[in-house]
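Chemist: First the structure, then my questions, so here it is.
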Amino acid sequence: MVINLKIIYFEDLKMKKVVILILLILGNSLFAQVQFEAKVSKNSLGLNERLRIDFTMNADGDNFVPPNFEACGFKVVGGPSQSVSQSWINGKSSFNKSYIYILLPTQKGALTIKQGSIEINGQTYKTLPIKINVSNAVEIPKDPNDAPAISANDNIYLVADISKTNPYLNEPITVVYKLYFSYNIGISNWRELNKPKYNDFWSQNIDVKQLVPQDGTFKGERYRYVVLRKTVLYPQKSGKLEIEPLSLDIDCQVPTNRRNFWGQPLMTQDSKRVSAGSKVINVRALPETGKPEAFSGAVGHFDFKVNPSKTVLKNGESFDLDISVVGTGNLKLFTLPKPVMPSALEMYDPVNNENVTTPLTGMTGKISDKYTIIPQYKGNYQIKPLQFTYFDLGTSHYKTITSKPLTITVLEGPSVASSQKTNPNNVSKTKFEVAKSFAYNKQVAHLKPIKKDAFLGSGLFYSLLILPFLAIPFLIVARRKKEEMDNDIMGNKIKKSNALAKKYLGYAKKQLGNKEPFYIALEKAMHNFLKAKINLETSEMSKEKIAELLLSRKANAATISEFIHLTENCELARYAQSSETAIQQDYEKAVEIISELEKQLK
């Protein structure tokens, strides 16, 4: 019976091994089904050479995320382009897809292209980092037939066309950036390096919906050009104002000396960096001669209107007063005049409305303020005329438009005079009704006496006189406490060491990416920790002494061993090769050991 049990046990054990082996084989085959890797054309190149990198996979995926090439020390000069192939051989299908980039190194040294990632069948796959060694620029042998027949440097230009270089303050000017290029050059891509800044200008960019090449003339020769950017500017202060340049990196194709079957020149890739250069605008101040006091900064050509919604109304009805300016100019950069109402007309804050567009010629449209006004009593009320002043760019003079006076007639309702005559007892009521028009004002007064009590002999005077005498005992106690602390040399030394330990541990955390300063700071942190906890000087530190003193303070033997090992490792790691992962692990280990010793030491 015992023998049979052993046989069954051994048979079960063999079956388990077989099942595990089958699962491992199936797992390996499943893992082998999907492949995603990065391949480079070379691992060593010169600073002026290009590198091709292919991210290939054997199954279709989504959400491909390439590495940040700029952070890795490379500039993308071509791509991304895709290559997809699928084939069936002997009933078996194969699939291959690639994302291809052409890179140009921007610095020398040992560079690392970090991981790219993609999602395939709901799982995320990543490539391995690739090490690339970049040396000094090398001389690249060229076939004379492959040399460019023309140079991109003499055939591509970036120009900033400015409509006016000496405008008035708040007069619109336009800046149009045009890229000129020769007829036998093709532009494939460009990247903005520096965007123009418009300090001391109000600016509005105009969308360029489509980049259509046009024919033009530059430096007396025929060129093609595209308009890249359009901007409308309003200078906000007078004097010399600088417009910072727009700079671009351009990828282009230039013809070579080689020809195809039909005699057409073959093209080769080239690149150029262009800049429109900085521009200086000399802004003229508006003339002081003839400037009206009511001028609020409007510059352009405008029409001014004041329109009430009604002029005859009953008691309790309201009307709207619409104040508007229509025309072309700096419509968003000035304020409209505010009407002055009689006390019997209650006016509310206006509703501002803007219907302004900004084409290349500058702002045009209408702005308005609409006031809601409610009369309190019947009668006829006069609204004084309003004046609007602007500087006319056409005549270079100030112009003032004055609205017509308005009369508002309220047909029904109480009047102040009649309510007072009918019943003297209603005077207080009438005053209360008038006060409702000013309900937004504060009605509770906080009055202060004009004549104030003398300071000499007051309670505050005697309090300030006695206070220094009351403070004497506290000053004596504080001074004694300070003397005791100053005399406690050992305690102060421990506090200082404890503070230094925390300081160096924090500094080590900041230097996680720099091996040598990290381990120097970590070693100092651990030494100062020992000084603070067991009063041990650096010159006295040895493995036996540290272990003896820590054991006497009830520290755990395993923790002591780890502390000593890490202290010795700090000196060795400075001169040995260490990865970022190892440095991070040493820092975390140091924090853990110091925390444990803090708890264990008594």
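Numbered by the working numbering, the letters in the sequence shown go through residues 204 to 805 in order.
Beta carbons are placed, not taken as given, at the ideal position from N, Cα and C, and that holds for glycine.
#1: Quick check on DSSP: helix, strand or coil for N629?
#2: Quick check on DSSP: helix, strand or coil for Y401?
#3: Quick one: is H730 buried, meaning 16 or more other Cβ sit within 10 Å of its Cβ, or exposed?
#4: Please go through the region 532-612 and give each complete alpha helix (DSSP H) segment of 4 or more residues, from N-terminal end onward.
#5: With DSSP collapsed to three states, give me the class of K757.
#6: Provide the residue span of the alpha helix (DSSP H) that contains I723, from first to last.
#7: Assuming L203 is part of the beta strand (DSSP E), what are its boundary residues?
#8: To which residues does DSSP link G312 through a beta bridge?
#9: Apart from the five residues on each side of it in sequence, which residues of its chain come closer than 7 Å, Cβ to Cβ, to L563?
#10: So W465 is in the beta strand (DSSP E); what residue range does that whole segment cover?
#11: Does M260 pass the burial test, meaning 16 or more other C-beta atoms within 10 Å, or should it be called exposed?
#12: Are there three or more Cβ pairs, one per stretch, closer than 8 Å when the region 576-591 is compared with the region 546-553?
#13: Under three-state DSSP, which class holds S232?
#14: Where DSSP assigns a beta bridge to G249, which residues make up the other side?
#15: Tell me whether F677 sits in a helix, a strand or coil according to DSSP, three-state version.
#16: Hey, quick one: how far does the beta strand (DSSP E) through Q326 stretch, first residue to last?
#17: Does G493 come out as helix, strand or coil in the three-state DSSP assignment?
#18: Tell me whether V268 sits in a helix, a strand or coil according to DSSP, three-state version.
#19: Whose C-beta lies closer than 7 Å to the C-beta of G442 among residues of the same chain, with five residues either side of it excluded?
#20: Less than 8 Å between the CB atoms is what I'm expecting for I333 and I316, so what's the real figure, rounded?
#21: Give the DSSP-derived three-state secondary structure of N408 in the structure shown.
#22: Are the region 591-605 and the region 490-499 touching by the rule of at least three beta carbon pairs closer than 8 Å?
#23: Please say whether N336 and L250 have beta carbons closer to each other than 8 Å?
#24: Can you grab the Cα-Cα spacing for the pair A681 / L667, in whole Å?
#25: Look at the Cβ atom of P806, then the Cβ atom of P438, and state whether they are nearer than 8 Å.
#26: Under 8 Å between the Cβ atoms of K295 and D263?
#27: Please list the terminal residues of the continuous beta strand (DSSP E) segment that includes V511.
#28: Based on Cα-Cα distance, which residue from I570, F277, A728 lies nearest to G532?
#29: Using DSSP with H/G/I as helix, E/B as strand and the rest coil, what is A488?
#30: Have a look at K535 and Q310 and give me their C-alpha separation to the nearest angstrom.
#31: For A363, which three-state DSSP category applies?
#32: Just to confirm my understanding: we take G597, look at its own chain, exclude 5 residues before and 5 after, and list those with CB closer than 7 Å. What are they?
#33: Determine, using beta carbons only, whether S474 and D454 come nearer to each other than 8 Å.
#34: In angstroms with no decimal places, state the Cα-to-Cα distance between T770 and E726.
#35: Looking only at its chain, what residues have a beta carbon closer than 7 Å to the beta carbon of E765, apart from the 5 residues adjacent to it on each side?
#36: Taking the C-alpha atoms as reference points, what is the distance between S763 and Q788?
Modeler: To lay it out plainly:
#1: Legend: pLDDT at N629 = 45, less than 50; position of this residue unreliable, value from coordinates given subsequently. Residue state, collapsed to three classes: helix.
#2: coil
#3: The residue in question, H730, is buried, as its Cβ has 16 or more Cβ neighbours within 10 Å.
#4: none
#5: Under the three-state reduction of DSSP output, K757 falls in the coil class, being neither helix nor strand.
#6: 718-737
#7: Because the chain is modelled from 204 through 805, residue 203 falls outside the range shown and cannot be assessed.
#8: V337.
#9: T377, I409, K433, V435
#10: It is not in any beta strand (DSSP E) - W465 carries neither H nor E in the DSSP assignment.
#11: buried
#12: yes
#13: Below a pLDDT of 50, predicted positions are generally treated as unreliable, and S232, at 43, falls in that range; the measurement from the model is reported next regardless. Helix at S232.
#14: G249 has S338 as its beta-bridge partners, per DSSP.
#15: It is helical.
#16: Here the beta strand (DSSP E) through Q326 covers 326-329.
#17: coil
#18: strand
#19: V486
#20: 5 Å
#21: strand
#22: yes
#23: no
#24: Approximately 21 Å between the Cα atoms of the pair.
#25: Outside the displayed span of the chain (204 to 805) sits residue 806, for which this structure offers no information.
#26: No; because the gap between Cβ atoms is not below 8 Å, this pair is not in contact.
#27: Inspection of the sequence shows that residue 511 is occupied by Pro rather than by Val. 502-511 is the span of the beta strand (DSSP E), which, as asked, contains P511.
#28: I570
#29: coil
#30: Going by C-alpha positions, K535 is about 48 Å away from Q310.
#31: strand
#32: Within the same chain, Cβ atoms closer than 7 Å to the Cβ of G597 are found at H504, the five residues on either side in sequence being excluded.
#33: yes
#34: 6 Å
#35: I796
#36: First, the amino acid is wrong: residue 763 is Ile here, not Ser. Between I763 and Q788, the C-alpha separation is close to 18 Å.
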